[in-house]
Amino acid sequence: MFNSFKISKFLLYLVPLMVVLVTSQTLFPFIVGKYVYFRILVDLAFIFFLLGLLFNQQESVQIGVNQRFKQLIKNPLVIAVSAFIFFFLLACLFGFDPQYSFWSNFERGEGGLQLLHFYVFFALLALLFREEKDWQKIFTMTIVGGLGMAFYGLLAGWGAEGFIGPKFGDPDFRFYGSIGNPAYVAAYAIFMLFYSAYLLISKYKDKLLSFGAIVLWLLMVVFLVVFFAAATRGAFVGLIAAVLAFISYLAFSSKRWRKWLISGAAILILLVVLSIQFKNVPLIKSSPVFSRILDISFTTKTFEDRMTIWKMAFDGWKERPILGWGPENFIQVFDRDFNIKYFKPAEGFGAWFDRAHSIYLDYLVETGILGLLSYLGIFIVFYWQLLWSSRINTDKEQIYTDKKSVSISQNPYKSVLVKGLLFAIPIAYLVQGIVLFDVSPIYLNLFLLFGFAVYKFTNNHSLKV
6 MFNSFKISKF
16 LLYLVPLMVV
26 LVTSQTLFPF
36 IVGKYVYFRI
46 LVDLAFIFFL
56 LGLLFNQQES
66 VQIGVNQRFK
76 QLIKNPLVIA
86 VSAFIFFFLL
96 ACLFGFDPQY
106 SFWSNFERGE
116 GGLQLLHFYV
126 FFALLALLFR
136 EEKDWQKIFT
146 MTIVGGLGMA
156 FYGLLAGWGA
166 EGFIGPKFGD
176 PDFRFYGSIG
186 NPAYVAAYAI
196 FMLFYSAYLL
206 ISKYKDKLLS
216 FGAIVLWLLM
226 VVFLVVFFAA
236 ATRGAFVGLI
246 AAVLAFISYL
256 AFSSKRWRKW
266 LISGAAILIL
276 LVVLSIQFKN
286 VPLIKSSPVF
296 SRILDISFTT
306 KTFEDRMTIW
316 KMAFDGWKER
326 PILGWGPENF
336 IQVFDRDFNI
346 KYFKPAEGFG
356 AWFDRAHSIY
366 LDYLVETGIL
376 GLLSYLGIFI
386 VFYWQLLWSS
396 RINTDKEQIY
406 TDKKSVSISQ
416 NPYKSVLVKG
426 LLFAIPIAYL
436 VQGIVLFDVS
446 PIYLNLFLLF
456 GFAVYKFTNN
466 HSLKV
């Protein structure tokens, strides 16, 4: 008899490949195929999970699932994610146009329905992925999807027939991949760097020059190239912030390396500051990528446009402060509070009429203060669990726990390098999100990260002491 739970897990492994899909026959080729594929797989995975609950008669399996479920409903991070989804759906219900909030549109494919699917995806990960090998497999599949995304952009850049995107050598070229927007490509590449680094540490920590480790090193180089080819300032600042956060975490966790790590962080900051200060020197100006990435100021047209639309969003929020206008309804605010400065006939009409172009203001205006606080609450709980649920003194090799416990978790997140990665990756996302909004490829990695964090912060396996 087939194992429904294994089929459900197999379908979840396939989910990250959504990023490769480009449906050129649709009006929005970089979007439609992805969310259709995602929803079908998640729905099927959920159905097979339910079949497993209904028809698997093994008492040990039933007991294991029940215990896991009871454990998860008390998990702070699961509660935080659930609260966010609850307020998101509540904002859909009481928004300006509830139907539009829930179903979204053909172009975006988001709204309440899509967030519900991401929540089911997250819940299935938390329930079914209980071993390290499960996470290593899905991270590997996510990296495979990232490579497919990069390969698509490469073929498009070479002008291959049937592949959509800018060509290499085009003025102001930026890498679109199979995502269709360089800003999302850069954010996606940051997550690929995280997965590659995690696999390197978890599988090859003591064999950094083995074949598998070398492959992961090369993959990190590939994703760095993709990241810089996307030439996105917000993601660049986010990556620098994440690297500094990673170094800082290691520095405060190990006295032995603290001096060297702090020196390294200081050198990195100095290099970035000097590069921005001297961005007009011929060497930097001659590079379209670095001249754009390092053009960080509050006077650029892009930032001025964002400031204009951010004011619209904030003014709109004041009209509906509790639950906002409802997801997907920012277009109503844009129409009501339109600032004529945003329209410049000589330069063409601005493009962001349905998003505030900031995750914080998007959630504020569309889901109100309750939605924004519940969203930020996820990260507060994430860091609380990461930093305080258990503590390790790596210098004295002693383990401390918050409670008088008779068990010590064997979860590898207690490795200082892994905890450093977990500390850094949300910072990259949160910083780049200041000037960007979430889309399905980013949501995918975000909920994958949350599911992974639930696994890492839960004592699935314990050693009796």
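Per this note's numbering, residue 6 is the first one in the sequence shown, and the count goes up by one each step. Positions of the beta carbon are idealized from the N, C-alpha and C atoms, including for glycine.
- W140 is classed as buried because its beta carbon has at least 16 other beta carbons within 10 Å across all chains shown.
- Using a C-beta cut-off of 8 Å, the segment 174 to 183 makes no contact with the segment 97 to 106, since fewer than three inter-stretch Cβ pairs fall below that distance.
- In the DSSP assignment, T147 falls within the alpha helix (DSSP H) that extends over E137 to G162.
- For W322 against G329, the beta-carbon gap comes to about 7 Å, under 8 Å, which counts as contact.
- The C-alpha of A165 lies about 11 Å from the C-alpha of F156.
- When the five nearest sequence neighbours on each side are left out, the beta carbons in the same chain lying within less than 6 Å of the beta carbon of G243 are those of A433, V436 and Q437, in order along the chain.
- Taken through DSSP and simplified to helix, strand or coil, T307 comes out as helix.
- CA-to-CA, the gap between Q390 and A161 works out to about 43 Å.
- Annotation: A270 to F53 spans about 48 Å, alpha carbon to alpha carbon.
- L132 and F74 do touch by the CB rule: their CB atoms are close to 7 Å apart, below 8 Å.
- Scanning the segment 23 to 82 from its first residue to its last, the whole alpha helix (DSSP H) runs of 4-plus residues come out as 37 to 60 and 64 to 77.
- Judged by their CB atoms, V440 and Y189 are not nearer to each other than the 8 Å cut-off.
- Just measuring C-alpha positions, the residue of F455, V227 and L221 sitting nearest F428 is F455.
- In the structure shown, L118 adopts helical secondary structure according to DSSP, grouped into three states.
- Put simply, the backbone Cα of F241 is about 10 Å away from that of A247.
- Counted as a single uninterrupted DSSP element, the alpha helix (DSSP H) harbouring D367 occupies residues I364 to W393.
- The beta carbon of F251 lies closer than 8 Å to those of G425, L426, F428 and A429 in the same chain, with the five residues before and after it left out.
- Looking at F442, L422 and L453, the one whose alpha-carbon comes closest to that of D211 is L422.
- Contact holds between the segment 13 to 20 and the segment 114 to 134, because three or more Cβ pairs, one in each stretch, are under 8 Å apart.
- CA-to-CA, the gap between I143 and I298 works out to about 31 Å.
- In the DSSP assignment, F241 falls within the unbroken alpha helix (DSSP H) covering R238 to S258.
- DSSP, reduced to helix, strand and coil, places L449 within a helical segment of the structure shown.
- Excluding five sequence positions before and after A218, the CB atoms of its chain that fall closer than 7 Å to its own CB belong to L205, Y209 and K212, given in chain order.
- When I345, C97 and I314 are compared, the shortest CA-CA separation from V338 is found for I314.
- When the Cα atoms are used, Y193 and M225 turn out to be separated by approximately 13 Å.
- The alpha carbon of I36 has as its nearest neighbour, out of F457, I447 and Y460, the alpha carbon of I447.
- For L46 and K39, the gap between their C-alpha atoms comes out near 11 Å.
- Around the CB of M197, 16 or more other CB atoms lie within 10 Å, so the residue is classed as buried.
- Secondary structure of P287 (DSSP, three-state): helix.
- In chain order, G158, A161, G162 and Y181 place their CB closer than 7 Å to the CB of G170, counting only its own chain and leaving out the 5 sequence neighbours on each side.
- Of the candidates S379, W393, D340 and S291, S379 places its Cα closest to the Cα of L95.
- In the three-state reduction of the DSSP assignment, R341 falls in the helix class.
- Secondary structure note for V444: it is in no alpha helix (DSSP H), with a DSSP letter that is neither H nor E.
- In this chain, G167 is not harboured by any alpha helix (DSSP H), its DSSP state being neither H nor E.
- Pairing S9 with L56, the inter-Cα distance amounts to about 6 Å.
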